[in-house]
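Peer 1: The structure under discussion is supplied below as structure tokens; questions concerning it will follow.
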Amino acid sequence: MLERDRLELAHLSDEACARSGLRREAPPEETLRLDGPLADLIEGLLRLPEFDEALDRAAEDTALKARAQESEAERTAPAPASGHAARLSSDTVAFRMELARRNIDAVPVCELAEIVDPHWGPALEGLLGRAREALVVAPDRLEEALGVLQGNRDRFSRCILVKTTDTAGQRARRFDDGPLSVIETDDPHAAAFLGVRLGGYDLARDDAELRRMSRAVAPSGRTTAGMAYSVTRSVDLLMTRGQRGPTAESRRNHEIAVTEAKRLRGEAVVLR
């Protein structure tokens, strides 16, 4: 906006000079006469819009854009935990921050994968437990991340790292009717990890069907494996559709909106 107004003012100034008859080669005494071309030029310049007005318009436009971007930042901000949705546990958050200080990007499985059928959310999330918060790091940084975990074992003993160096070695599987049939992820490490953790289970439609199966989980949270029954504990949901917390994509969108809002707000201040 500022550049457009500057060019407009320059154009109007050139037109005023041309209309006044002001010529570069004219002698000074001719130019400075009270009834000469300079008087016409001054009169024309006085009729030009104030440059301050152009700056004010540009500042106001930029401020409006900044407010719109700030609204977008608020809209995309991770919501506080409410209802059955929950944030990551404090030790996972602390471990993730410790890795970030070493420039190791770590993303929990629950931000990379989603249980798309809410009917199965409580049972499968209960079955996974802390594994939902397992952190995925690049294979070439895994050993360094493991060193951080080992060096802070008293603080982070409950934290889990996905063994991403084994992802390529996991054989391709079909999950037509097991837990992986109701979980979506685009991350190969998360997919391999969940396949190992849940791939051996079948989905039982109800407790009656569970009794006829050897290794399965039912929506009630009952499981059977190795000639035994067990039940999953109730957990706050982290990765079930409609109950998820922040995801990797939502965090990125929020960060972009915040950065752009700050840039526009700073530009508006300069223009004023």
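In our numbering, each number is its position in the sequence shown, counted from 1, plus 3. Idealized CB from N, CA, C, for every residue including glycine. Given the structure is predicted, the values throughout are model-derived calculations rather than measurements.
1. Taking the Cβ atom as the reference point for each residue, do Ala-134 and Arg-200 lie within a distance shorter than 8 angstroms?
2. To which residues of the same chain is Thr-167 closer than 8 angstroms at the C-beta, ignoring the five residues directly before and after it?
3. How long is the line joining the alpha carbons of Gly-124 and Ala-207, rounded to whole angstroms?
4. Straight-line CA distance for Leu-183 to Thr-262?
5. Distance, Cα to Cα, Arg-268 vs Ala-66?
6. Please report the straight-line C-alpha distance between Phe-196 and Glu-114, rounded to a whole angstrom.
7. Would Glu-117 and Val-238 be called neighbours here (beta carbons separated by less than 8 angstroms)?
8. What number of angstroms, rounded off, separates the C-alpha of Val-151 from the C-alpha of Arg-218?
9. Taking C-beta to C-beta, are Glu-147 and Ile-107 nearer than 8 angstroms?
10. Note down the Cα distance separating Arg-215 from Val-112, rounded to an integer number of angstroms.
Peer 2: Reading off the structure:
1. Here residue 134 is taken as the residue at index 131 of the sequence shown, counted from 1. Here residue 200 is taken as the residue at index 197 of the sequence shown, counted from 1. It is a contact, given that the beta carbons lie within the stated cut-off.
2. Within the sequence shown, residue 167 is the residue found at index 164, counting from 1. Answer for Thr-167: Val-139, Val-140, Ala-141, Pro-142, Leu-145 and His-192, listed in chain order.
3. Here residue 124 is taken as the residue at index 121 of the sequence shown, counted from 1. Here residue 207 is taken as the residue at index 204 of the sequence shown, counted from 1. Going from the Cα of Gly-124 to the Cα of Ala-207 covers about 14 angstroms.
4. Here residue 183 refers to the residue found at position 180 when the sequence shown is read from its first residue. Here residue 262 refers to the residue found at position 259 when the sequence shown is read from its first residue. So the two alpha carbons sit approximately 37 angstroms from each other.
5. In the sequence shown, counting from the first residue as 1, residue 268 sits at position 265. In the sequence shown, counting from the first residue as 1, residue 66 sits at position 63. Rounded to whole angstroms, Arg-268 to Ala-66 spans 6 angstroms at the Cα level.
6. Along the sequence shown, one-based indexing puts residue 196 at 193. Along the sequence shown, one-based indexing puts residue 114 at 111. The alpha-carbon atoms of Phe-196 and Glu-114 are separated by roughly 14 angstroms.
7. Translated into the one-based positions of the sequence shown, residue 117 becomes position 114. Translated into the one-based positions of the sequence shown, residue 238 becomes position 235. Result no, Cβ atoms of Glu-117 and Val-238 do not sit closer than 8 angstroms.
8. Here residue 151 is taken as the residue at index 148 of the sequence shown, counted from 1. Here residue 218 is taken as the residue at index 215 of the sequence shown, counted from 1. Whole-angstrom Cα-Cα distance: 36 angstroms.
9. Start at 1 with the first residue of the sequence shown, and residue 147 comes out as number 144. Start at 1 with the first residue of the sequence shown, and residue 107 comes out as number 104. Yes, the pair counts as a contact, with Cβ atoms nearer than the cut-off.
10. As a working note, residue 215 is residue 212 in the sequence shown. As a working note, residue 112 is residue 109 in the sequence shown. Each residue's Cα considered, the two are about 31 angstroms apart.
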